[in-house]
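Novice: Structure in structure tokens, see below.
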Amino acid sequence: MLSMILAAAALAVMGAGIGAGIAAIAAGIGIGRIGGSAMEAIARQPESTGDIRSNMIVIAALIEGVAFFALIVCILCIFMG
């Protein structure tokens, strides 16, 4: 019985670690794509640099918020499991 509880706790920690890693990787990919697309848009229309940059910053902040939320959920899975 104790070994099953320990195995479940170990799986919860391992799953939380994998989930945190996936969230960090996905956030990095998302912000990289945003940056690349923004630079391409600025290259095509240099006169709208300010608008593109401000929109890029807002979207990057939203992606970071979602990644932070995913990390918090993973940490809660560790301590609640």
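In UniProt numbering, the protein residues as written are 1 to 81. Positions of the beta carbon are idealized from the N, C-alpha and C atoms, including for glycine. Just so you know, these numbers come straight off a predicted model, no measurement behind them.
Assign alanine 27 to buried or exposed, taking buried as 16 or more other Cβ atoms, counted over all protein chains shown, within 10 Å of its Cβ.
Specialist: Alanine 27 is buried by the Cβ-count criterion.
Novice: Between isoleucine 52 and isoleucine 34, which are expected to be in contact by the criterion C-beta below 8 Å, what is the C-beta distance as a whole number of angstroms?
Specialist: The pair is not a contact, with the Cβ atoms about 10 Å apart (cut-off 8 Å).
Novice: Could you tell me the distance, in whole angstroms, from the CA atom of glutamine 45 to the CA atom of valine 73?
Specialist: The alpha-carbon atoms of glutamine 45 and valine 73 are separated by roughly 40 Å.
Novice: Using C-beta distances below 7 Å, list every residue in its chain close to glycine 30, excluding the 5 sequence neighbours before and after it, in chain order.
Specialist: Excluding positions up to five away in sequence, the list reads Ile63.
Novice: Give the DSSP-derived three-state secondary structure of methionine 4 in the structure shown.
Specialist: Reduced to three states, the DSSP call for methionine 4 is helix.
Novice: Can you check whether the CB of glycine 15 is closer than 8 Å to the CB of cysteine 77?
Specialist: Yes.
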